[in-house]
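First up is the structure itself, then whatever we jot down about it.
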Amino acid sequence: MPLHSHHRSSLSNSNKSSSDEAEDETVVEPDQGNVLSHIISQLRPGADLSRVTLPTFILEPRSMLERITNFMAHPETLLPMPEHDDPLERFVSVVKFYLSGWHIKPPYEIFTLTESMNRRHSRLLHLGTDVPPSAKIQLLLHGARASHQDRRHAQAAHILTQPNMYARGILFGKMKYELGDHSFIKCPENHLVCDVEFKTKGYFSGTYNAIAGTIKNDQTGEVYYEISGLWNGEMYLKNHVVGCLSLLRRDIFKLTISQTGKKELLFDASHAKHTVPLTRPLEEQSERESQKLWHSTVQGLNARNHEAATSEKTKIEDQQREEAAKRAEENVEWRPRLFRAVRGGPGGSEEGEEDLDWIINAEV
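Per the UniProt record's numbering: the sequence shown = residues 1 to 364.
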């Protein structure tokens with residue numbers, strides 16, 4: 001389960017989620033104590049630290065998988081990509097897609113998801129990671145890769161990294177979540193890189209949810225665009241390109257003249273309407289699908305029955321630990337059902353993808 005944070009009310013209209021609540025922050029009730037005292041209460045001499053759990057009152061009543069789907073909240077940002085002949089314009093579309101999903105914040109866990117989509121013109125790969133209970137306190141997806149190809153353009157891979165997530169007010173008061181540090185979007189084939197800094201608010205200055213970054217050529221260092229704004233509000237591109245020469249077809253070039261210093265709206269998250277993922281009813285889901293797996297825990301959270309929620313959450317985590325211990329005892333290698341390890345390294349069939357731990361291995 002992800003840490004508890006509400007979203008904007010404009011994004012809470014779906015009845016497909018485990019929870020219909022939506023705001024940006026939450027207040028920890030006084031009678032619930034605080035995170036630190038809850039963790040200390042579990043410590044004993046010789047205690048197994050991997051069994052220390054976070055209190056359920058800071059958890060959001062929906063699964064990690066449902067949070068992952070936030071990244072596909074605005075698939076319309078991907079649709080114009082094949083229409084752009086200029087690699088830089090296509091790269092900007094990828095940047096827009098990447099930044100469009102943060103206003104309903106992500107992260108990860110056990111999962112299976114079925115989504116309906118039109119397969120006539122496109123194919124979409126939805127990537128995520130499995131995370132053991134001991135890794136839930138701090139989560140960082142090191143990389144994800146998406147690729148596109150049509151008849152006019154050579155295949156290009158885009159490597160995306162993600163920022164860290166920080167929580168303020170864990171001990172008392174309002175709990176506020178912030179994204180922080182740098183993330184990168186890279187297209188090695190076209191030597192393009194976007195460096196986005198998710199800024200955390202300072203104690204005496206700054207603002208929440210601010211971003212700043214650049215899109216540049218990683219070979220020459222030439223800056224094409226500056227990025228600014230708020231990831232949960234308006235985001236802007238400032239043009240640094242005076243003239244852009246791009247290859248349309250062999251021996252045919254296109255010169256695009258742009259006004260340098262011009263600032264344009266890239267994406268307005270505060271007024272964007274998101275696309276709701278479709279899920280099957282609980283009775284049609286398998287036991288390991290997220291909504292069904294965490295259903296009893298979610299019911300406890302929604303009822304504010306934290307004792308019942310903690311009990312159900314502990315059952316799931318203990319089961320995962322026991323399964324992991326049994327595999328280790330029997331020397332059985334764990335293999336995820338929907339992913340496989342990347343065959344990277346020199347001479348590997350996927351050489352050059354060493355930075356990726358897993359790649360999807362299923363039809364979606």
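Don't be surprised by glycine CBs; every beta carbon is placed ideally from N, CA and C.
Being a predicted model, the structure only gives us computed values, none of them experimental.
Whole-angstrom distance between Ala325 and Ala167, CA atom to CA atom: On the sequence shown, residue 167 is found 167 positions in, with the first residue counted as 1. On the sequence shown, residue 325 is found 325 positions in, with the first residue counted as 1. Ala167 and Ala325: Cα-Cα distance of roughly 31 Å.
Taking one C-beta from the stretch 288–298 and one from the stretch 311–323 each time, how about it: are there three or more such pairs within less than 8 Å? yes
For Tyr224, count neighbouring C-beta atoms within 10 Å of its own C-beta (all shown protein chains included) and say buried if the count is 16 or more, exposed if not. The sequence position of residue 224 within the sequence shown is 224, counting from 1. Flag for Tyr224 reads buried.
What is the rounded straight-line gap between the Cα of Tyr177 and the Cα of Arg337? Here residue 177 is taken as the residue at index 177 of the sequence shown, counted from 1. Here residue 337 is taken as the residue at index 337 of the sequence shown, counted from 1. In a straight line, the C-alpha of Tyr177 is about 32 Å away from that of Arg337.
When you compare only the Cα positions, how much space is there between Asp218 and Val193? Position 218 of the sequence shown, counted from the first residue, corresponds to residue 218. Position 193 of the sequence shown, counted from the first residue, corresponds to residue 193. Distance between the alpha carbons of Asp218 and Val193 is about 6 Å.
Alpha-carbon spacing of Met81 relative to Ala47, whole angstroms: The residue you call residue 81 lines up with position 81 of the sequence shown. The residue you call residue 47 lines up with position 47 of the sequence shown. One C-alpha to the other measures close to 53 Å.
Does the Cβ-Cβ distance between Cys187 and Phe91 come in under 8 Å? Along the sequence shown, one-based indexing puts residue 187 at 187. Along the sequence shown, one-based indexing puts residue 91 at 91. Taking 8 Å as the Cβ cut-off, Cys187 and Phe91 qualify as a contacting pair.
Report, in whole angstroms, the separation of the C-beta atoms of Asn190 and His103, which I expect to be a contact under 8 Å. The residue you call residue 190 lines up with position 190 of the sequence shown. The residue you call residue 103 lines up with position 103 of the sequence shown. Not quite, the Cβ-Cβ distance comes to about 28 Å (not below 8 Å), so this is no contact.
Does the beta-carbon distance from Met235 to Phe204 come in below 8 Å? Locating residue 235 in the sequence shown gives position 235, where the first residue counts as 1. Locating residue 204 in the sequence shown gives position 204, where the first residue counts as 1. No, the Cβ-Cβ distance between Met235 and Phe204 is not below 8 Å.
Can you tell me where the alpha helix (DSSP H) holding Thr310 begins and where it ends? For the purposes of this step, residue 310 is taken as the residue at position 310 of the sequence shown. 306–329 is the extent of the alpha helix (DSSP H) around Thr310.
Given Arg151, which residues of its chain have a CB within under 8 Å of its CB, disregarding the five upstream and five downstream residues? Translated into the one-based positions of the sequence shown, residue 151 becomes position 151. Only weak support exists for where Arg151 lies, its pLDDT of 43 falling under 50; the coordinates are left without a value.
Alpha carbon to alpha carbon, what distance is there between Ile39 and Pro55? As a first step, residue 55 is located in the sequence shown; it is residue number 55 there, counting from the start. As a first step, residue 39 is located in the sequence shown; it is residue number 39 there, counting from the start. Taking the straight line from one Cα to the other gives about 8 Å.
Does the distance from the C-beta atom of Asn239 to that of Gly261 stay below 8 Å? Your numbering for residue 239 matches position 239 in the sequence shown. Your numbering for residue 261 matches position 261 in the sequence shown. In this structure, Gly261 lies closer than 8 Å to Asn239 by Cβ.
Do residue 385 and Pro277 have their C-beta atoms within less than 8 Å of each other? This structure cannot settle anything about residue 385, because the visible part of the chain is limited to 1 through 364.
For Arg62, which of Glu333, Glu289, Lys216 has the nearest alpha-carbon? Here residue 62 refers to the residue found at position 62 when the sequence shown is read from its first residue. Per the Cα distances, Glu289.
Val196: which of Val95, Gly206, Glu287 sits nearest, CA to CA? By 1-based counting over the sequence shown, the position of residue 196 is 196. Comparing Cα positions, the closest option is Val95.
Helix or strand or just coil, what does DSSP make of Asn70? Taking the first residue of the sequence shown as position 1, residue 70 is located at position 70. In the structure shown, Asn70 sits in a helix (DSSP, three-state: H, G or I).
Does DSSP classify Lys158 as helix, strand or coil? Translated into the one-based positions of the sequence shown, residue 158 becomes position 158. Correcting the residue identity first, residue 158 is His in this sequence and not Lys. DSSP places His158 in strand when its eight states are reduced to three.
With burial defined as no fewer than 16 other Cβ atoms inside 10 Å of the residue's Cβ, what is the status of Gln162: buried or exposed? Here residue 162 refers to the residue found at position 162 when the sequence shown is read from its first residue. Gln162 should be labelled buried.
Leu124, DSSP secondary structure in three states: Residue numbering aside, residue 124 sits at position 124 when the sequence shown is read from its first letter. Model confidence at Leu124 stands at a pLDDT of 32, short of 50, so the residue's coordinates are unreliable; what they give is reported in the following sentence. Looking at Leu124 - three-state DSSP - the assignment turns out to be coil, as it is neither helix nor strand.
Would you list, in sequence order, the uninterrupted beta strand (DSSP E) runs of no fewer than 3 residues that lie entirely inside the stretch 176–223? 192–199, 210–217
Suppose the cutoff is 6 Å on Cβ atoms and the five residues either side in sequence are ignored; what does the same chain contact list for Gly202 look like? Taking the first residue of the sequence shown as position 1, residue 202 is located at position 202. Nothing meets the Cβ criterion.
Classification of Val332 by the beta-carbon crowding that lies within 10 angstroms, buried from 16 upward: Translated into positions along the sequence shown, residue 332 becomes position 332. By the 10 Å Cβ count, Val332 comes out exposed.
Three-state secondary structure (DSSP) at Trp231? Locating residue 231 in the sequence shown gives position 231, where the first residue counts as 1. If DSSP states are grouped into helix, strand and coil, Trp231 belongs with coil.
Identify, in the order they occur along the chain, each residue of the same chain with its Cβ nearer than 7 Å to the Cβ of Ala210, setting aside the five sequence neighbours on each side. For the purposes of this step, residue 210 is taken as residue 210 along the sequence shown, with counting starting at 1. Closer than 7 Å at Cβ, skipping near neighbours: Lys199, Leu230.
Determine the DSSP secondary structure at residue 366, reduced to helix, strand or coil. Nothing about residue 366 can be reported from this structure: the residues present for the chain run from 1 to 364 only.
From which residue to which residue does the alpha helix (DSSP H) around Leu99 run? Looking up residue 99 in the sequence shown gives position 99. Where Leu99 is concerned, the enclosing alpha helix (DSSP H) stretches over 87–100.
What is the DSSP secondary structure of Asn239, reduced to helix, strand or coil? Position 239 of the sequence shown, counted from the start, is the residue given in the question as residue 239. Looking at Asn239 - three-state DSSP - the assignment turns out to be strand.
Across which residues does DSSP place Asp268 in a beta bridge pair? Position 268 of the sequence shown, counting from 1, holds the residue named residue 268. BP columns for Asp268 point to Glu234.
Please tell me whether Glu264 and Leu282 are closer than 8 Å, where the distance is taken between their beta carbons. What you label residue 264 is simply residue 264 of the sequence shown in a count that begins at 1. What you label residue 282 is simply residue 282 of the sequence shown in a count that begins at 1. No, the pair does not count as a contact, with Cβ atoms beyond the cut-off.
DSSP state of Asn302, grouped into three classes? For the purposes of this step, residue 302 is identified with residue 302 of the sequence shown, where counting begins at 1. Residue state, collapsed to three classes: helix.
Could you give the DSSP three-state label for Lys263: helix, strand or coil? On the sequence shown, position 263 is the one that residue 263 refers to. It is a strand residue.
Quick check on the DSSP output: the beta strand (DSSP E) that includes Ala341 runs from which residue to which? Along the sequence shown, one-based indexing puts residue 341 at 341. That run of the beta strand (DSSP E) goes 339–341.
To the nearest angstrom, report how far apart Gly300 and Thr207 are at their CA atoms. Taking the first residue of the sequence shown as 1, we reach residue 300 at position 300. Taking the first residue of the sequence shown as 1, we reach residue 207 at position 207. C-alpha separation (whole angstroms): 35 Å.
Using a 10 Å radius around the Cβ and a threshold of 16 neighbouring Cβ atoms, would you call Glu66 buried or exposed? Sequence index remark: in the sequence shown, residue 66 carries index 66 (1-based). Buried, because 16 or more other Cβ atoms sit within 10 Å of the Cβ of Glu66.
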